[in-house]
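S.K.: Below is one structure. I have some questions about it.
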Amino acid sequence: MREGSESAGRCVEKLLKALLIILCFSVVWAFLCVNAFASGKWEGVDESVVERVAKEHGREASKPFINTDQGDLLLFVFLLAGAAGGFAAGYYWRVLTERKSGRVGDP
Amino acid sequence: MERHTAHGARFRAKPGKAFAVLLLTAHCSLFAASDAHAMHISEGILPVGWVLFWFAVAGPFIAYGLYRLKGRSAADLSFKPLVGLMAAVVFIISCMPVPVITAGTCSHPCGTGMSGVLLGPAISVLVASVALLIQALFLSHGGVTTLGANIVSMGIVGSYTGYIVFRTLRGLRVTIGVAAFVAGLLADWATYLMTSIELAEGIRGNAPFLPLFWKLLVAFVPTQLPIGILEGAMTAGMLVLLHKKRPDLLVRLCIIKSGETCA
């Protein structure tokens, strides 16, 4: 019983430490973003370089064939793509590095 | 069964760490969420002639990649999961907008230096092509008409540069981490060098090539200089991690010699 509560206490302590690190990271990041480029739009280099220079030379980017760049739809498809990609990467990493009962490719 | 139990025990033993990783991932996703604009050449920018030319250049490399994938998968069982891992990694990395504070813009690493080193450049081109196609079709990232040009810059130039630099440095007895870092860094920069060539040639009309090429290249520098360093660090991290976790795999891929294993 005591062991269980000690273990839970340690977990909470670790969790708090993790949250504190994340909070510090967020504050530093937000500070840098706000102060360094308060008026910046964080354009991608495709907008700030590729499309701008192309436009100067009479070539404008057209809309994508499947236009997901509409409001929050783009955030949704990126989230979906990130989740699927992250799941696949995690799955294959585990397949490659699992030590118990034979890794893939072990003789 | 034993495998699942062992795995479960590992996570039960470190629930705080697992949760912290989960929180950090969620946090990064939320903070990184921004309009997904980055570096691939956008839809419709290149004229038809250049669109066809870059597809013609990319075609044979893709066919050779398919041929190599079939051969190597049949010869080595561990190769398919590695291809799956690298495909997912290249896909995620090449559509991940990273804010560059020094420039006030966003761009992304490519991941093809890393996949070029691990899978070989031929299969890395294939992996990059699939990632670029999905991004062009569903993520409004790059374009279908500019797919050939993007495959040439990110897939072919990135993969072959990473592979050649890594092999050369390893041949000169440079450590695996340093060789991977330089390979990732130069693969990223070479990709943007090629993008500048493709763009300058495609959009210049009657204007001279060189001034436009330099203009594009210089414009990429503030963003791509730090992104290249990030790409180098990611490549080195992956190689060093695999060196610790699966040195046998790196030996079979001829990345290290059997005497260099650390596990």
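As you go down the protein sequences, you meet chains A and B in turn. Using my numbering, the first residue of the first sequence is number 1, and each one after it goes up by one. Using my numbering, the first residue of the second sequence is number 108, and each one after it goes up by one. For every residue, glycine included, the Cβ atom is placed at its ideal position computed from N, Cα and C. On a predicted model such as this, the values are computed, not experimentally measured, just so you know.
1) From the DSSP output, read off the bridge partner residues of T212/B.
2) What span of residues does the alpha helix (DSSP H) with E308/B cover, start to end?
3) Taking 9 angstroms as the cut-off, decide whether the C-beta atoms of T212/B and M261/B are in contact.
4) Nearest CA to the CA of P228/B: which residue from M301/B, T252/B, G269/B, A163/B?
5) Answer yes or no: do V53/A and T302/B have a C-beta to C-beta separation smaller than 9 angstroms?
6) Short of 7 angstroms Cβ to Cβ, which residues in the region 185-201 of chain B face chain D?
7) Using 9 angstroms as the threshold, is the C-beta distance between G249/B and E150/B below it?
8) Mind the definition here: the region 198-206 of chain B touches the region 288-298 of chain B only if three or more C-beta pairs lie below 8 angstroms; say whether that holds.
9) Between E6/A and chain B, is the shortest Cβ-Cβ distance under 9 angstroms, so that the two count as touching?
10) Name the chain A residues that come within less than 8 angstroms of R311/B, Cβ to Cβ?
11) If we cut at 9 angstroms on Cβ distances, does F245/B have a partner in chain A?
12) On the DSSP letters alone, give me the boundaries of the alpha helix (DSSP H) that R359/B sits inside.
13) So, with DSSP's three-state summary, where would you put L137/B?
14) Please list the partners that K177/B has in chain A, where partner means a Cβ-to-Cβ separation under 8 angstroms.
15) Please list the partners that K379/B has in chain A, where partner means a Cβ-to-Cβ separation under 8 angstroms.
16) Could you check what DSSP says for A98/A in three-state terms: helix, strand or coil?
17) Along chain A, in chain order, which residues have C-beta atoms closer than 9 angstroms to that of E308/B?
18) Check whether the Cβ atoms of T298/B and V207/B sit closer than 9 angstroms, and answer yes or no.
19) In the DSSP assignment, find the alpha helix (DSSP H) that holds F162/B and state where it starts and stops.
20) If distances are taken between C-alpha atoms only, which option among F87/A, G44/A, L74/A, I66/A comes closest to P204/B?
21) Once the 5 residues before and after G70/B are set aside, which same chain residues still bring their CB inside 6 angstroms of it?
22) Taking 9 angstroms as the cut-off, decide whether the C-beta atoms of V232/B and S180/B are in contact.
23) So what's I21/A in DSSP terms, helix, strand or just coil?
24) Please list the residues of the region 59-70 of chain A that have a C-beta atom closer than 8 angstroms to any C-beta atom in chain B, keeping them in chain order.
25) Rounding to the nearest angstrom, what Cα-Cα distance links A165/B and V196/B in this structure?
26) With DSSP collapsed to three states, give me the class of Q70/A.
27) Of the residues that make up the region 199-228 of chain B, which ones have a beta carbon closer than 7 angstroms to any beta carbon in chain A?
28) In chain order, what residues of the region 70-83 of chain A put their CB closer than 8 angstroms to some CB of chain B?
29) Can a CB atom of chain A be found closer than 9 angstroms to the CB of I241/B?
30) Which of the three DSSP states is assigned to N313/B in this structure?
M.R.: According to the structure shown:
1) E43/A, V207/B
2) 283-310
3) no
4) G269/B
5) no
6) Protein chains in the displayed structure are A and B, and chain D is not among them.
7) yes
8) no
9) no
10) H57
11) yes
12) 354-359
13) Note that L137/B scores 41 on pLDDT, short of 50, meaning its location in the model is unreliable and no value can be drawn from it.
14) By Cβ distance, chain A contributes nothing, its closest Cβ being about 17 angstroms from K177/B, past 8 angstroms.
15) Examination of residue 379/B is not possible in this model, given that chain B is present from 108 through 370 alone.
16) Reading off the sequence shown, one finds Glu at residue 98/A, where the question assumed Ala. DSSP places E98/A in coil when its eight states are reduced to three.
17) None at all; the shortest Cβ gap to chain A is about 11 angstroms.
18) no
19) 155-182
20) G44/A
21) This structure gives no information on residue 70/B, because the portion of chain B shown stretches from 108 to 370.
22) no
23) helix
24) R59, E60, A61, S62, K63, P64, F65, I66, N67, T68, D69
25) 21 angstroms
26) coil
27) I199, C202, P204, P206, I208, G211, T212, C213, S214
28) L74, L75, V77, F78, L79, A81, G82
29) yes
30) coil
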